[in-house]
Amino acid sequence: MFMNEGQPWTKLWLWLDERIGLTDIVKLVKKKEVPVHRHTIWYYLGGMTLFLFMIQVTTGILLLLYYRPSAEEAFESIQFLMTSVEFGWLIRSIHSWAANLMVFTLFLHFFSVLLLKAYRAPREVSWLSGMGLLALTLTFGFTGYLLPWNELAYFATRVGTEIPGVVPLVGPFLRRLLRGGDDVTGATLTRFYGIHVAILPALTTLFLGLHLFLVQKHGMSVPPDVERSGGAKKMMPFFPNFLLRDVVGWLTALAVLAALAAYFPAELGRKADPFQPAPAGIKPEWYFMFMFQTLKMLPSYILGIEGEVIGVVGFGVAGLFFFLVPFLDREEGQRWSRVLTRVGIAAIAFMIVLTAIGYLVSPTK
Amino acid sequence: MAEAMLGPEPSRRNFLNWFLSTTAGAFLLSVIYPVSRYLVPPKVEESTSRTVTLSVKPADVKPNSGQIFRFGSQPAILVRTPAGELRAFSAVCTHLACIVQYRQDLSHVWCACHNGHFDLNGQNIAGPPPRPLERFTVNVRGDQVVVSKGA
Numbered sequence: 001m002f003m004n005e006g007q008p009w010t011k012l013w014l015w016l017d018e019r020i021g022l023t024d025i026v027k028l029v030k031k032k033e034v035p036v037h038r039h040t041i042w043y044y045l046g047g048m049t050l051f052l053f054m055i056q057v058t059t060g061i062l063l064l065l066y067y068r069p070s071a072e073e074a075f076e077s078i079q080f081l082m083t084s085v086e087f088g089w090l091i092r093s094i095h096s097w098a099a100n101l102m103v104f105t106l107f108l109h110f111f112s113v114l115l116l117k118a119y120r121a122p123r124e125v126s127w128l129s130g131m132g133l134l135a136l137t138l139t140f141g142f143t144g145y146l147l148p149w150n151e152l153a154y155f156a157t158r159v160g161t162e163i164p165g166v167v168p169l170v171g172p173f174l175r176r177l178l179r180g181g182d183d184v185t186g187a188t189l190t191r192f193y194g195i196h197v198a199i200l201p202a203l204t205t206l207f208l209g210l211h212l213f214l215v216q217k218h219g220m221s222v223p224p225d226v227e228r229s230g231g232a233k234k235m236m237p238f239f240p241n242f243l244l245r246d247v248v249g250w251l252t253a254l255a256v257l258a259a260l261a262a263y264f265p266a267e268l269g270r271k272a273d274p275f276q277p278a279p280a281g282i283k284p285e286w287y288f289m290f291m292f293q294t295l296k297m298l299p300s301y302i303l304g305i306e307g308e309v310i311g312v313v314g315f316g317v318a319g320l321f322f323f324l325v326p327f328l329d330r331e332e333g334q335r336w337s338r339v340l341t342r343v344g345i346a347a348i349a350f351m352i353v354l355t356a357i358g359y360l361v362s363p364t365k
Numbered sequence: 366m367a368e369a370m371l372g373p374e375p376s377r378r379n380f381l382n383w384f385l386s387t388t389a390g391a392f393l394l395s396v397i398y399p400v401s402r403y404l405v406p407p408k409v410e411e412s413t414s415r416t417v418t419l420s421v422k423p424a425d426v427k428p429n430s431g432q433i434f435r436f437g438s439q440p441a442i443l444v445r446t447p448a449g450e451l452r453a454f455s456a457v458c459t460h461l462a463c464i465v466q467y468r469q470d471l472s473h474v475w476c477a478c479h480n481g482h483f484d485l486n487g488q489n490i491a492g493p494p495p496r497p498l499e500r501f502t503v504n505v506r507g508d509q510v511v512v513s514k515g516a
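Protein chains in written order, with the working numbering: chain C, 1 to 365; chain X, 366 to 516.
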């Protein structure tokens with residue numbers, strides 16, 4: 001070893017090593033290598049998302065110390081946090097911005113894995129657990145949005161919980177289950193709070209554990225075009241080379257977060273009132289904008305079926321399609337595989353265009 | 366060999382497997398059933414009132430304007446048409462349940478969430494709403510506005 005016998009640190013190391021097997025862990029870390037090729041940059045996105053998630057866990061726990069989950073107190077407790085608690089504005093703004101950045105890096109991670117076909121055998125379960133994490137993250141975003149109990153949150157939740165209500169047969173039951181009643185009320189807020197701070201973190205821990213374990217087990221996937229040209233020419237040790245590059249990214253992200261939180265602190269708006277009309281210009285979080293805009297543009301009836309049913313069921317089918325991609329794309333280099341790549345690119349284009357329309361079109365038109 | 370010819374005989378192992386798996390199944394059911402029932406919120410008594418007397422006076426509602434009022438647990442909208450007639454509708458948009466508002470510049474009812482338009486009879490005239498707004502009956506009794514559901 002690199003340490004001198006007899007030093008206190010060495011003694012502690014040896015003592016711990018005998019009991020928990022530190023040498024095995026060191027061996028494991030040293031063995032891990034990352035392929036170097038022209039797509040290596042995409043390998044950093046998973047770690048970046050994980051880093052932002054850790055920020056969410058930390059700031060989320062801090063917010064719990066002041067937040068009160070009821071329709072009567074939620075808005076006021078955040079008002080207090082933003083105005084009276086020292087650095088309360090900072091913690092909440094970082095939580096809000098890191099959530100947005102995390103969804104953004106997660107989408108990039110998702111699409112890069114999709115287009116580089118990293119879901120191929122034997123990584124199907126890595127893909128499925130990743131899709132689970134994507135769904136959990138979006139649910140985190142949706143439930144967290146309601147917690148300030150402001151006007152925007154109230155209507156976003158009214159619409160958002162109405163959407164599963166559109167699903168044929170089980171819809172009305174699902175809507176009641178989500179809302180904790182027939183309408184969006186304080187019961188919904190309490191329910192979303194429980195989901196946001198207990199159920200989702202527990203599930204995420206399970207899915208994340210599986211996801212990370214599988215990444216260790218299988219190593220990084222080498223994209224098909226690199227494989228065709230003879231595989232990665234070089235490997236980079238994970239520790240410390242790759243990890244240090246990771247850290248550069250994380251520190252940059254932290255600096256961006258601090259700047260965003262300081263210059264664009266999270267807003268609170270007006271308290272939710274179930275007996276006020278939806279304000280003009282109401283919109284969901286940007287990552288739901290493409291769905292929102294689609295629902296806005298669909299006509300009331302398509303071939304005799306209500307437009308929103310077509311929209312909601314359509315998004316459900318599209319989600320299922322992406323979930324099952326590893327089982328649909330089994331013959332590398334075949335026409336069908338190239339079609340799937342185009343479907344992925346079309347999905348990205350659709351999301352970007354619809355999101356842009358959502359932000360550019362006047363809300364009253 | 367003899368056993369195979371006689372066909373499968375219930376062995377002690379089979380019995381134990383059956384016994385353990387039904388026990389495990391029953392245990393799981395006895396956990397899942399109460400938890401799933403617990404998750405479904407209980408029915409709350411809906412206000413059955415079919416009539417509501419508003420706190421606004423008829424004269425306070427100017428022509429070409431509208432305002433939200435409570436009809437039981439649901440929001441509803443009281444509209445005075447540019448011609449001066451009072452009308453009331455459910456304020457819950459038939460698309461995705463946002464609360465509608467009166468647009469003075471368009472002189473009709475509008476939903477801000479997905480740009481749905483309803484005329485002064487509650488008919489869906491543009492945008493994604495699939496059905497008209499439910500219409501209520503408005504009666505002016507002296508200084509009071511009384512809104513009632515159905516005939």
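Beta carbons: idealized from backbone N, C-alpha and C, even for Gly.
At least one CB of chain C closer than 8 Å to the CB of V405 of chain X: is that the case? For V405 of chain X, a Cβ of chain C is located within less than 8 Å of the residue's own Cβ.
Alpha-carbon to alpha-carbon, R270 of chain C and T446 of chain X: Answer to the nearest angstrom: the Cα atoms are 29 Å apart.
Please check if any C-beta of chain C sits within less than 8 Å of the C-beta of R452 of chain X. R452 of chain X does not count as touching chain C.
Spell out the partners DSSP gives N489 of chain X in its beta bridges. According to DSSP, which records beta bridges pairwise, N489 of chain X is partnered with X:F483.
Can you name the residues of chain C whose CB is closer than 7 Å to the CB of P494 of chain X? In chain order: S300.
Bridge partner(s) assigned by DSSP for G431 of chain X: Answer is X:V444, bridged to G431 of chain X.
Within 10 angstroms of the Cβ of F321 of chain C, are there 16 or more other Cβ atoms? Answer buried if so, exposed if not. Classification for F321 of chain C: exposed.
Assuming H473 of chain X is part of the beta strand (DSSP E), what are its boundary residues? Residues H473 to C476.
Contact check, S430 of chain X vs E499 of chain X under 8 Å by CB: the rounded distance? Actually they are not in contact, since the Cβ atoms of S430 of chain X and E499 of chain X sit about 21 Å apart, beyond 8 Å.
If we ignore side chains and look at the alpha-carbon of each, how far apart do A232 of chain C and V222 of chain C end up? Each residue's alpha carbon lies about 7 Å from the other.
Interface partners of L461 of chain X on chain C, CB under 9 Å: Neighbours of L461 of chain X across chain C, judged by C-beta separation under 9 Å: R158, V159, G160, E162, I163, G165, V166, L295 and E308.
Coarse secondary structure for E18 of chain C, derived from DSSP in three states: Helix.
Delimiting residues of the alpha helix (DSSP H) encompassing N150 of chain C: Taken as a continuous stretch (DSSP letters only), N150 of chain C belongs to no alpha helix (DSSP H), as it is neither H nor E.
Let me make sure I understand the geometry here. Which of X:E450, X:V457 and X:T388 has the alpha-carbon closest to that of P351 of chain X? No information on residue 351 of chain X is available, as it lies outside the stretch 366 to 516 that chain X covers here.
Taking Cβ positions only, does V396 of chain X come closer than 8 Å to chain C? No, because no Cβ of chain C sits closer than 8 Å to the Cβ of V396 of chain X.
Proximity test, Cβ basis, 8 Å: L177 of chain C and chain X: Taking Cβ atoms only, chain X reaches closer than 8 Å to L177 of chain C, which makes this a yes.
Between the stretch 40-56 of chain C and the stretch 77-89 of chain C, are three or more C-beta pairs nearer than 8 Å? As far as the Cβ criterion goes, the stretch 40-56 of chain C does not touch the stretch 77-89 of chain C, which means the pair count is below three.
Check whether the Cβ of D500 of chain X lies closer than 8 Å to any Cβ atom in chain C. Per the sequence shown, the amino acid found at residue 500 of chain X is Arg instead of Asp. It does not; no Cβ of chain C falls within 8 Å.
Below 7 Å CB to CB, which residues in the same chain sit around P8 of chain C once its five sequence neighbours on both sides are set aside? Closer than 7 Å at Cβ, skipping near neighbours: no residue.
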